[in-house]
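**Q** Below is one structure. I have some questions about it.
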Amino acid sequence: MPSVQEYLIANHERILAELIEFARVPSISTQPEHCGDIETAAQWVATQLTAAGLSNVKIILTSGHPVIYADWLNVPDAPTILIYGHYDVQPPDPLDKWISPPFDPQIRDGRLYARGVSDDKGPMLIPIKVAEAFLKTSEKLPVNIKFLIEGEEEIGSPSLETFVAENAVLLTADFALSADGAMWRVDVPSITVASRGLVGIEFTVTGAKKDLHSGRFGGAVANPLHATAQLVASLHTPEGRVAVAGFYEDVRELDSAERLALARLPFDENDFLKQIQADELFGEPGYSTFERQWTRPTLEINGLWGGYQGHGSKTVIPSEAHAKITCRLVANQNPQDIQDKIVHHLTQNLPSGVHLDIHREDNMALPYEIPETHRGLKIAADVLGEIYGQEPLHVRMGGTLPVSELFKRLLGMDTVFFSFSTADEDFHAPNEFFRLQRLYDGLTAWALYWQKLAVV
């Protein structure tokens, strides 16, 4: 029989073909018209888990999109890990920015381009294929594993908290190993040790009850677009600091050692600006780029719209204008508290002549940080060092993975991020891609991780 690594290498092309098949499914969790595609993707994952030889494969319904569970628990004295990933993807808009269609996967220059291929279908498929390799070559795994694959990560995992709370016994493990996340850079191995929390708000500003002719009524009534622009502008100082009262009052400031560690990370400002195609850096004064990205809270406008959007001109004063806000949070901020403070700010700063309606988003998440001494973290560092020939850096994540905080709060377990996507792979943007080499590196690494964990 071939070894696990020999099996994986021999099946590289088949695994890539399966990933391409998976990436064709437009499993967009935020759009109701894709509910059928969500079901297709869930069934595809369940079929893969069954084919790999795992036990108790189930598609479990929730109040939202289904969760897929599977396990293999046949080594009584070995650790048990809970493997997390998600099969849902972001919308592909704007479509005209894609070089090739987002759900017609294409390989170019050693990269597979498709929506969701890096976040999270490629990384999520890796541990399934590694389980298959062990079970096909030796009929057993080095450790006990449970899979939890969800379909709502891209909308904040709104059903996951209830699911985890109701299935705490089913999901019990020594720790979670997440296929979701990303390494910081492709040229430097890294391990994410912290992620920011999340809270959101959407608001609507209404003036007259109907759209008005701007010639006949302009200058006589308030314009909701003008009022919304004023509200949005009031949320920050000109220098980039959030102007909401009390926004920073619970933030844990970094100590000098933590700031020094971040300052030592390799960073080239010109390369960074070139990568994101921007002209200059901007943000809260007094902090470095890494500090602003990873350890400081933010308030961002994610959407701003109203009035005529079509070609040419339409001289109208719109009845409504809208905005979407999300905040990334850090220790020790509370999402509900921050949401309350933003609502108060918007209410107090509303211009006269208009009405404000606020929708509080439910997809909240607390920030998360894993202890530096965690054994799962140590194994991840050993594996990455062996594969890439250099010690991995410990970095933080500017984004949010709600599951890590849920696992800690509801199950008492930490989450080790072990994804092989990288932050430059344009997830959530047009032309998302996953490097083929990272797919193959991930297969090697996950197999090695399980083997090392078995002897710790």
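Residue numbers for the sequence shown follow my numbering, beginning at 6 and rising by one. Ideal Cβ positions, reconstructed from N, Cα and C, are used throughout, including at glycine.
#1: Going by CA-CA distance only, name the one from G417, V193 and D419 that's closest to F272.
#2: Please classify M369 as buried or exposed, where buried requires at least 16 neighbouring CB atoms within 10 angstroms.
#3: With C-beta atoms as the reference, is Q353 less than 8 Å away from G115?
#4: Under a three-way DSSP split, which group does R414 fall into?
#5: Write down the C-beta distance between T427 and R190 rounded to the nearest angstrom, noting that I regard them as a contact closer than 8 Å.
#6: To the nearest angstrom, how far is it from the Cα of G312 to the Cα of H364?
#7: Leaving out five residues on either side along the sequence, give the residues of the same chain with a beta carbon under 7 Å from the beta carbon of K346.
#8: Would you call the CB atoms of L182 and V421 closer than 8 Å?
#9: Here's the rule: buried if 16 or more other CB atoms are within 10 angstroms of the residue's CB, otherwise exposed. What is Q314?
#10: Under 8 Å: do the region 221-238 and the region 251-270 share three or more Cβ pairs, one atom per stretch?
#11: Just the C-alpha distance for E377 and V226, rounded to the nearest angstrom, thanks.
#12: Counting only the same chain and skipping the five closest in sequence on each side, list residues whose C-beta sits under 6 Å from that of A199.
#13: If you draw a straight line from the C-alpha of E158 to the C-alpha of P81, how long is it?
#14: Taking all protein chains shown into account, do 16 or more other C-beta atoms lie within 10 angstroms of the C-beta of I281, making it buried, or fewer, making it exposed?
#15: Pick out whichever of F277, G69 and P323 has its Cα sitting closest to the Cα of D429.
#16: According to DSSP, simplified to helix, strand and coil, what is A232?
#17: Tell me which residues share the same chain as A173 and place their Cβ nearer than 8 Å to its Cβ, disregarding the 5 neighbours each side in the sequence.
#18: For my contact list, P96 and T35 are in at a C-beta cut-off of 8 Å; report their separation, rounded to the angstrom.
#19: Ignore the nearest five residues each way along the sequence and tell me which others in D419's own chain have a CB closer than 6 Å to its CB.
#20: Helix, strand or coil: how does DSSP classify S195 here?
#21: Looking at the strands, I want to know which residues DSSP matches up with K329.
#22: Which residue wins for smallest C-alpha separation from A51, given the options P31, L117, M129 and D109?
#23: Here's the rule I'm using: 16 or more other beta-carbon atoms within 10 Å means buried, otherwise exposed. How should D109 be labelled?
#24: Assign M369 to one of three DSSP states: helix, strand, or coil.
#25: Within a Cβ cutoff of 8 Å, which residues of the same chain sit near P71, ignoring the five residues on either side of it in sequence?
#26: Take L267 and list the residues in its own chain whose beta-carbon comes closer than 7 Å to its own, dropping the five residues that flank it on each side.
#27: What residues in its chain sit with their C-beta under 8 Å from that of V321, if we drop five residues either side in the sequence?
#28: Taking all protein chains shown into account, do 16 or more other C-beta atoms lie within 10 angstroms of the C-beta of L24, making it buried, or fewer, making it exposed?
#29: Can you pull the DSSP bridge partners for S374?
#30: With contact counted as at least three CB pairs below 8 Å, one residue from each stretch, are the region 82-93 and the region 120-134 in contact?
#31: Within its chain, find whatever has a CB closer than 7 Å to the CB of T55; leave out the 5 residues flanking it on each side and keep chain order.
#32: Following the continuous beta strand (DSSP E) through M402, name the residue where it begins and the one where it ends.
#33: When DSSP labels each residue in this structure, what does E263 get in the three-state scheme?
#34: Quick test of your reading: I196 and A336, contact by CB under 8 Å. State the CB separation rounded to the nearest angstrom.
#35: State the beta-bridge partners of L172 as determined by DSSP.
#36: Tell me whether the beta-carbon of W77 lies closer than 8 Å to the beta-carbon of A138.
**A** According to the data block:
#1: Walking along the sequence shown from the start, residue 272 turns up at place 267. Of G417, V193 and D419, the residue nearest in Cα terms is V193.
#2: By one-based count along the sequence shown, residue 369 stands at place 364. Under this definition M369 is a buried residue.
#3: Here residue 353 is taken as the residue at index 348 of the sequence shown, counted from 1. Here residue 115 is taken as the residue at index 110 of the sequence shown, counted from 1. No, these two residues do not count as a Cβ contact at 8 Å.
#4: Start at 1 with the first residue of the sequence shown, and residue 414 comes out as number 409. R414: helix per DSSP, three-state reduction.
#5: Against the sequence shown, residue 427 aligns to sequence position 422. Against the sequence shown, residue 190 aligns to sequence position 185. Right, their Cβ atoms sit about 6 Å apart.
#6: Residue 312 sits at position 307 when you count from the first residue of the sequence shown. Residue 364 sits at position 359 when you count from the first residue of the sequence shown. Distance between the alpha carbons of G312 and H364: 20 Å.
#7: Working through the sequence shown from its first residue, we reach residue 346 at position 341. Closer than 7 Å at Cβ, skipping near neighbours: V249, A250, G251 and F252.
#8: Within the sequence shown, the letter at position 177 stands for residue 182. Within the sequence shown, the letter at position 416 stands for residue 421. Yes, these two residues count as a Cβ contact at 8 Å.
#9: Within the sequence shown, the letter at position 309 stands for residue 314. Looking at its Cβ environment, which holds fewer than 16 other Cβ atoms inside 10 Å, Q314 is exposed.
#10: no
#11: By one-based count along the sequence shown, residue 377 stands at place 372. By one-based count along the sequence shown, residue 226 stands at place 221. One C-alpha to the other measures close to 58 Å.
#12: Reading the sequence shown from its first residue, position 194 is the one you call residue 199. If we look at A199 and ignore the five residues flanking it on each side, its Cβ neighbours are E374 and R401.
#13: For the purposes of this step, residue 158 is taken as residue 153 along the sequence shown, with counting starting at 1. For the purposes of this step, residue 81 is taken as residue 76 along the sequence shown, with counting starting at 1. For E158 and P81, the distance between alpha carbons rounds to 32 Å.
#14: Locating residue 281 in the sequence shown gives position 276, where the first residue counts as 1. Answer is exposed; the Cβ neighbour count stays below 16.
#15: Numbered from its first residue, the sequence shown carries residue 429 at position 424. Residue F277 is the option with its Cα nearest to D429.
#16: Translated into positions along the sequence shown, residue 232 becomes position 227. DSSP places A232 in helix when its eight states are reduced to three.
#17: For the purposes of this step, residue 173 is identified with residue 168 of the sequence shown, where counting begins at 1. The residues are L415 and L416.
#18: By 1-based counting over the sequence shown, the position of residue 96 is 91. By 1-based counting over the sequence shown, the position of residue 35 is 30. About 6 Å; that satisfies the 8 Å criterion.
#19: As a first step, residue 419 is located in the sequence shown; it is residue number 414 there, counting from the start. Contacts found: F180, I375 and H379.
#20: Start at 1 with the first residue of the sequence shown, and residue 195 comes out as number 190. Reduced to three states, the DSSP call for S195 is strand.
#21: Along the sequence shown, one-based indexing puts residue 329 at 324. Paired residue(s): E207 and G308.
#22: Within the sequence shown, numbered from 1, the residue matching residue 51 stands at position 46. Comparing alpha carbon positions, the residue from P31, L117, M129 and D109 closest to A51 is M129.
#23: In the sequence shown, the residue the question calls residue 109 occupies position 104. Its Cβ having fewer than 16 others within 10 Å, D109 is exposed.
#24: If you number the sequence shown from 1, residue 369 lands on position 364. Residue state, collapsed to three classes: coil.
#25: Here residue 71 is taken as the residue at index 66 of the sequence shown, counted from 1. Here the set comprises I43, E44, A47, I64, I65 and G156.
#26: If you number the sequence shown from 1, residue 267 lands on position 262. S293, F295 and E296.
#27: Taking the first residue of the sequence shown as 1, we reach residue 321 at position 316. Here the set comprises D216, L217, H218, S219, G312 and Y313.
#28: Residue 24 sits at position 19 when you count from the first residue of the sequence shown. With 16 or more other CB atoms across the displayed protein chains lying within 10 angstroms of its CB, L24 is buried.
#29: To locate residue 374, count along the sequence shown from 1; it is residue 369. The sequence shown places Glu at residue 374, not Ser. Answer is A199, bridged to E374.
#30: Three or more beta-carbon pairs separated by less than 8 Å link the region 82-93 to the region 120-134, which places the two stretches in contact.
#31: Translated into the one-based positions of the sequence shown, residue 55 becomes position 50. V62.
#32: If you number the sequence shown from 1, residue 402 lands on position 397. Counting along the chain, M402 sits inside the beta strand (DSSP E) bounded by residues L398 to M402.
#33: Numbered from 1 along the sequence shown, position 258 holds the residue referred to as residue 263. Helix at E263.
#34: Along the sequence shown, read from residue 1 onward, the residue named residue 196 stands at position 191. Along the sequence shown, read from residue 1 onward, the residue named residue 336 stands at position 331. Their Cβ separation, rounded to whole angstroms, is 19 Å, which puts I196 and A336 out of contact at 8 Å.
#35: Residue 172 sits at position 167 when you count from the first residue of the sequence shown. According to the sequence displayed, residue 172 carries Asn and not Leu. DSSP lists no partner for N172.
#36: The residue given as residue 77 occupies position 72 in the sequence shown. The residue given as residue 138 occupies position 133 in the sequence shown. Not closer than 8 Å, so no.
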